[in-house]
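K.L.:
Sharing a structure, written as structure tokens. Questions coming.
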Amino acid sequence: MGRIIEEIYVWKLPVRMYHWINALCITVLFVSGLYIASPFLNPPIGEAVWFKQMSIFRFLHFTAAFIFIANYLFRMYWALFGYDKYARFAGFRPWSPKWWGKPFREQMASYLFLRSDEPRYIGHNPVAAMSYFIFIFLGSLFMIFTGLAMYGENNPGGFTDTMFGWLIPLFGSSYNLHIVHHSAAWIFPFYVILHLYAVFRHDVVDRTSVTSSIITGYKHKVEDEPSLD
Amino acid sequence: MAKKIVVDPIPRIEGHLRIEAKLGENNVIEDAYSSGTMWRGIEIILKGRDPRDAWAFAERICGVCTTVHALASVRCVEDALDIEIPKNARIIRNLMNATQQTQDHLVHFYHLHALDWVDVVSALKADPKETSRIAQSLSSWPKSSPGYFNNLQQKLVGFVESGQLGIFSNGYWGHPAYKLPPEVNLIAVAHYLEALDFQKEIVKIHTVFGGKNPHPNYLVGGMACAIDPNRNTAINIEVLSMVKKIIEDTKVFIEQVYIPDLIAIAGFYKDWLYGGGLGNYLCYGDFPEKSIDDAASLLWPRGAILNKDLSTIYEVDPRDLNQVTEEVSHSWYTYSNGDGKGLHPWEGETNPKYTGPKPPFEFLDTDKKYSWLKTPRWKNNPMEVGPLARVLLAYAKDDPMITETVDMILGKLEVGPEALFSTLGRTAARGIECLQTAGFMMHYYNQLVDNVKAGDLRTANTELWDPSRWPKEAKGFGYTEAPRGALGHWIHIKDGKIEDYQIVVPSTWNASPRDANGAVGAYESALAGTPMADPGQPLEILRTVHSFDPCLACASH
Amino acid sequence: MDKQPTYAEIFKSRGISRRDFLKFCGLTSVSLRLAPSLLPKIIHAMETNPRTPVIWLHGLECTCCTESFIRSSHPVMADIIFNMISLDYDDTLSAAAGHQLEEVRRKIMKEYKGQYILACEGNAPTKDDGVYCLVGGDSYLNVLKETAADAAVVIAWGACATFGCVQNAAPNPTGAVPVSELITDKPLVNVPGCPPIAEVMTGVITHYHTFGTLPELDRLKRPKAFYGTRIHDKCYRRAFYDAGMFVRDFDDESTRKGWCLYKMGCKGPTTYNACSKTEWNQGISFPIGSGHPCFGCAAPGYWDDGPFYTRLADVSFLGTDMNADRIGVIAVGAAAAGAAAHAAVTAVRKKKTDSENDQLEG
Ligand code: HEM
Ligand code: HEM
Ligand code: NFV
Ligand code: SF4
Ligand code: SF4
Ligand code: F3S
Ligand SMILES: [Mg+2]
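Protein chains in written order, with my numbering: chain V, 1 to 229; chain A, 230 to 786; chain F, 787 to 1148.
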């Protein structure tokens, strides 16, 4: 059984900060978003649980939204210009057939139990990278754009409306915009479940301490496990 | 050879109607063909939707008789699901319905029909003093001084001299069929404008209870408007007082303007007795004093009259599969079991198939299919529906209020009841009815106030609001007497959704094309036999067709 | 073409004093809620503009837009048709019929080429050569295109003309399409609503006539003056919304307390209209004011936005009727189940390899 032979500093502080701020924001956004859609804290007697109840949930949603956006922008900056080989976009080449070739297929095959051995990565494995791209990079972008378009409706002709309001006719109506924003919200819990499972599983299977890595920053290199990085 | 004339578009109606007429000797109409030239497919669109939403779709069938389709729709859903609405809701619906009848009839008389009898240009020649004298002899309506009429006439002169005649452009001014003296024409023009201004007041009652007009809101199970005399967040005494004031003003306007004008104008056309038509009349009845299921509690009775015979009243059951049917032998639809076979609406089909000439065209193929209207029949009889049917039925039943008004008007015109079977009879019946519904409004207002006073604030029954509590399958029938006549909605609900929805509309009865046996509908029958003074100017056709108050968006839906 | 009289001339010819004329201008500006500084401009406009000819066509519709129009309280209908516009063609009110009426339309199109307003109520069916709406023996589709060709401005009245309305709801049996999809080469104003509020309709006409330009429009070509903000932003029940006090049942105390109708499916938060400000029929009430949720009658495609009395539409998904939340819960559940299954397989596999390893080592 493998013995720890090396500790690698994978997740620099900015990435870890980003990760946890993001996780917190998404949680708040999802819960407050669902609350806005359906204010379930409205008991049969009809009294609001606390004063300005709906406003508070909307306030939480919008506050979390702006932190979420800033955090997202920061991560983009870090990916493009950060001095951080594991957190860069550099290795992510979905347009290249090579990227989809061996590494992706091998990782996928492993997940599908078509291979008994696990390819090893220090940074993101290609399947994880792809899921981050689809769910987090694109998903967040979609939530941000549709969210800001709706937000702009509070002040027609204002800055946000001018920048993002053009999305409304694109989706047909303000109502449709709510529907797509709301529907897309479900991407996140879906993603988180798979993400958590993948993280814990990797920990158990490869004993690389992936889980703690997003807190401490360190992953372990284990004996007999050749790195594909 | 018979000459064929076409009148299309026909203005001052709702929707798109086309009349083709064959003229015989002396330009007498031998045969008329009534074609509805629009169709939207509301029955198809309603399929698969939530029955609680149906009223809103159905209401959009027509904005002129706005309300009535919504009413028939909520009634058919409630009938299917067996929902009993609260007393307040019944009263409010009755009040809204009476409001609709009153306003619709008023607008019809002045804005849709009057110009068939009133020569606007002739009013320029009127003597304001004489006009004032006549007006004051007709009623105690205060706006009748010489100065008032003089002022109006000056406006009219300026308008005509501007060269832009607007809605009066190319009218049949100076046509020999116009018989009113200039002074009566001027009175009518004055009241055209006053009614135009006043009609918007009446409908405010819809706004109070339904939030807007046209197209006020309804609710399956009752009404959404809340009543509470001790709150500023619901209908309270301030709002009710406004309703009361509107009702009072409305009654005065109908009594002092509409009815006197009707009598005055009709007096000059007593010998224009064309347009009687079928002589068969059908009513579903309306204005339930108790439940809508209780036909005995309807203030407007249900029944049918055949061949102008007022001594026999036939019972009508719109749920009976053999009574009300629709066929499509001359309509642009197909039925799976043959177009000439009448189907009861619960078994009805709506499969459009246009087979008319490709537009643009000169004439329709009137031997074949020629309309977007189906052909409804009652026990295979073509029937006329509407104010005349209702007034005749009430008259035949000796309803005291109607009998008194009918006799008063006939007396003033010095004609007998047989004069009712005519174009003008239809127009007079509408006025008689309007007077009655204006009275109903106060009746319902009082009922509402009494009920609220007794502590009943409920306006909706939501026990069966949730579709999970509905039967798997149910059928319902909803009806109302709309301004233009008997209206029925038949619904089939399955698994919480609309499986089928069929609508048979007053104007479908009246404007329908021939049936498989060649029997004509009410318009076609009423037009036959009318001589035209000038076939190039279809004034006579307009008169008779307008007397039915056509609504083609309704008729074809 | 003869020179047409201006408002001022019309007033004069009718023996109305200049004082009354100025008063009229003032009232118009008040009814339009304009800044007082604009008054001189209105006076000037009315002194110099002739009445603009209007051709008002009806396609597939219900005439509720006309009905709404004649409910206008400021300005009133008589004022509009006698003093502001020349409503030369309108099937609902015109005296002339048949070819006499069509003659008026042709005359206006010729004599006022490029100067008349085309007001459209209803829309045109496009399926089967447009046979679902025929006017004077031709398809409405043709009539509309022909009449639009020389119009100065096209006004699309109501939900039908702007966004399609009920006949355009699924499955749209007649292929009814909004006017803006057929007339693309003219300045066009969309005035949505089913129907639009009377004063909004007349406001558009008066604005054009008074200022000589179209009102400023938003992305969907709606005048900002009336459609600039959502119902929800001006709703008097908004305080209850913010506080989280919602009507839960139409037969409930909360309805009489006038709480927010959000949970009853109110579409005020997504509908742009003047209802909660101008209100209906001279400010008497509006749907929400009378206890009924807004169902978004001025919004594009509102007929197909799911059942009216629910907040989130039941979007049809793979032939079933499930809403986004139901689908979301199922997807998340599936993900969890998938993860659990995957974990189980992993565990079995791992046990196998471990024991193999043990054997090897042992
Ligand atoms: C809303 C919840 C979460 C979201 C949206 C989320 C998202 C992400 C993203 C986007 C990354 C990639 C990091 C980057 O490159 O910037 C990541 C990595 C990671 N996350 Fe999360 N995360 C969530 C919750 C969690 C939790 C609760 C844990 C641990 C218990 C966790 C553990 C990790 C680990 C270990 C990695 C590194 C994985 C690797 O080596 O590929 N995450 N997460
Ligand atoms: C993970 C990201 C997010 C999730 C899960 C999320 C979720 C939701 C949900 C479920 C709703 C309710 C939609 C409805 O039914 O009407 C909502 C509404 C909304 N969200 Fe988000 N959202 C996210 C991000 C954002 C962002 C970045 C913004 C940007 C400002 C935003 C702005 C809004 C706005 C303005 C509303 C409408 C609030 C209202 O109706 O008053 N959201 N969100
Ligand atoms: N025909 C008809 Fe209606 C009426 N009255 C409806 O049922 O007009 Ni539009
Ligand atoms: S928009 Fe609505 S109100 Fe206007 S014509 Fe269409 S259906 Fe009628
Ligand atoms: S009633 Fe409707 S428009 Fe008014 S505050 Fe509530 S959700 Fe908004
Ligand atoms: S339903 Fe229509 S009338 Fe106004 S409140 Fe909503 S836009
Ligand atoms: Mg039908």
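Built from N, CA and C at the ideal position, the CB exists for glycine as well.
1. Taking a cut-off of 7 Å, which residues have a beta-carbon closer than that to any heavy atom of ligand 5, in chain order?
2. Kindly indicate the opening and closing residues of the beta strand (DSSP E) around residue 721/A.
3. Compare the C-beta of residue 1086/F against all C-beta atoms of chain A and say whether one is closer than 8 Å.
4. Give the straight-line distance between the Cα atoms of residue 556/A and residue 391/A, rounded to the nearest whole angstrom.
5. Where the beta carbon is closer than 6 Å to any heavy atom of ligand 2, which residues qualify, in chain order?
6. Quick check on residue 944/F - is its C-beta less than 8 Å from some C-beta in chain V?
7. Quick one, which residues of the segment 521-543 of chain A are near chain F if we go by CB-CB under 8 Å, in chain order?
8. Helix, strand or coil: which one does DSSP assign to residue 606/A?
9. The beta strand (DSSP E) that contains residue 248/A, what's its start and end?
10. To the nearest whole angstrom, what separates the beta carbons of residue 767/A and residue 234/A, a pair I think is in contact under 8 Å?
11. Looking only at C-alpha atoms, which of 974/F, 896/F, 882/F and 871/F sits nearest to residue 388/A?
12. Are the CB atoms of residue 1045/F and residue 1026/F within a distance shorter than 8 Å?
13. Does DSSP classify residue 780/A as helix, strand or coil?
14. Consider the Cβ of residue 209/V: report whether some Cβ of chain F lies at a distance smaller than 8 Å.
15. In the segment 38-66 of chain V, which residues sit with their C-beta less than 9 Å from some C-beta in chain F, listed in chain order?
16. When every heavy atom of ligand 3 is checked, does at least one fall within less than 7 Å of the C-beta of residue 658/A?
17. From this set, 901/F, 1110/F and 967/F, which residue's C-alpha is nearest residue 995/F's C-alpha?
18. Quick one: is residue 151/V near chain F, going by C-beta distance under 8 Å?
19. Thinking C-beta only, is residue 950/F closer than 8 Å to residue 962/F?
20. May I ask you to verify whether the segment 980-992 of chain F touches the segment 853-861 of chain F, counting CB pairs closer than 8 Å and requiring at least 3?
21. Is there at least one non-hydrogen atom of ligand 3 closer than 7 Å to the beta-carbon of residue 776/A?
22. For residue 888/F, count neighbouring C-beta atoms within 10 Å of its own C-beta (all shown protein chains included) and say buried if the count is 16 or more, exposed if not.
23. Where do the ends of the alpha helix (DSSP H) carrying residue 352/A lie?
24. Give me the chain F residues within the contact set of residue 194/V, using Cβ-Cβ distance strictly less than 7 Å, ordered along the chain.
25. Can you name the residues of chain F whose CB is closer than 7 Å to the CB of residue 201/V?
26. Can you check the segment 529-602 of chain A for any beta strand (DSSP E) of at least 3 residues that lies completely inside it and give the ranges in chain order?
27. For the beta strand (DSSP E) that residue 210/A lies in, which residues bound it at each end?
28. Going straight from the alpha carbon of residue 977/F to that of residue 1008/F, what length do you get?
29. Residue 190/V CB to nearest chain F CB: under 8 Å?
30. Give a yes or no on whether 8 Å exceeds the smallest Cβ distance from residue 959/F to chain A.
31. Taking only beta-carbon atoms, is residue 914/F less than 8 Å away from chain A?
32. Ignore the nearest five residues each way along the sequence and tell me which others in residue 586/A's own chain have a CB closer than 8 Å to its CB.
33. Using only the heavy atoms of ligand 6, determine whether one of them is closer than 7 Å to the beta carbon of residue 453/A.
34. If I measure Cβ to Cβ from residue 443/A and keep anything under 6 Å in the same chain, skipping five residues before and after, which residues do I get?
35. For the segment 425-487 of chain A, list the alpha helix (DSSP H) runs that are entirely contained and at least 4 residues long, ordered along the chain.
36. Going by DSSP in three states, residue 903/F sits in which element: helix, strand or coil?
P.N.:
Looking at the atomic coordinates:
1. Listed by chain position, these are 1017/F, 1018/F, 1021/F, 1023/F, 1024/F, 1026/F, 1027/F, 1046/F, 1047/F, 1048/F, 1052/F, 1054/F, 1055/F, 1062/F, 1074/F, 1079/F and 1080/F.
2. Looking at the DSSP string, the run of the beta strand (DSSP E) that includes residue 721/A is 714-723.
3. Residue-level contact by beta carbon fails for residue 1086/F and chain A, as no gap is shorter than 8 Å.
4. C-alpha separation (whole angstroms): 51 Å.
5. Look at which beta carbons fall closer than 6 Å to any heavy atom of ligand 2; those residues are 26/V, 29/V, 30/V, 33/V, 34/V, 36/V, 37/V, 58/V, 61/V, 62/V, 65/V, 68/V, 69/V, 143/V, 144/V, 147/V, 148/V, 150/V, 151/V, 178/V, 181/V, 182/V, 185/V, 188/V, 1055/F and 1098/F.
6. It does not: the Cβ of residue 944/F has no partner Cβ on chain V nearer than 8 Å.
7. The segment 521-543 of chain A vs chain F, Cβ under 8 Å: nothing.
8. The answer is strand: DSSP assigns residue 606/A an E or B state.
9. Annotation: the continuous beta strand (DSSP E) that includes residue 248/A extends over 246-252.
10. That pair is a contact at about 7 Å.
11. Residue 871/F is the option with its Cα nearest to residue 388/A.
12. Contact: yes.
13. Strand at residue 780/A.
14. No, because no Cβ of chain F sits closer than 8 Å to the Cβ of residue 209/V.
15. Going along the segment 38-66 of chain V in chain order, one finds 38, 39, 41, 42, 44, 46, 47, 48, 49, 50, 51, 52, 53, 54, 55, 56, 57 and 58 with a Cβ nearer than 9 Å to chain F.
16. Because no heavy atom of ligand 3 lies under 7 Å away, the Cβ of residue 658/A does not count as near it: no.
17. When only C-alpha atoms are compared, the closest one is 901/F.
18. Not closer than 8 Å to any Cβ of chain F, the Cβ of residue 151/V fails to qualify, so no.
19. Contact flag set, yes.
20. Taking a cut-off of 8 Å for Cβ pairs, the segment 980-992 of chain F and the segment 853-861 of chain F touch, as three or more such pairs fall below it.
21. No, Cβ of residue 776/A sits at least 7 Å from all heavy atoms of ligand 3.
22. Answer is buried; the Cβ neighbour count reaches 16.
23. Residue 352/A: not part of any alpha helix (DSSP H); DSSP gives it neither H nor E.
24. Here the neighbours are 1121 and 1125.
25. 1129 and 1132, listed in chain order.
26. Qualifying beta strand (DSSP E) stretches, in chain order: 532-534 and 553-556.
27. Residue coverage of chain A in this structure runs from 230 to 786, which leaves residue 210/A outside it and unanswerable.
28. Cα to Cα, the separation comes out at about 6 Å.
29. Closer than 8 Å to some Cβ of chain F, the Cβ of residue 190/V qualifies, so yes.
30. Yes, because at least one Cβ of chain A sits closer than 8 Å to the Cβ of residue 959/F.
31. Yes, its Cβ sits closer than 8 Å to a Cβ of chain A.
32. The answer, listed in chain order, is 592, 593 and 594.
33. Outside the cutoff, so no.
34. Excluding residues within five positions, the ones whose Cβ falls inside 6 Å are 292 and 295.
35. As far as the segment 425-487 of chain A is concerned, its whole alpha helix (DSSP H) runs of at least 4 residues are 433-439 and 466-482.
36. Three-state DSSP puts residue 903/F in a strand.
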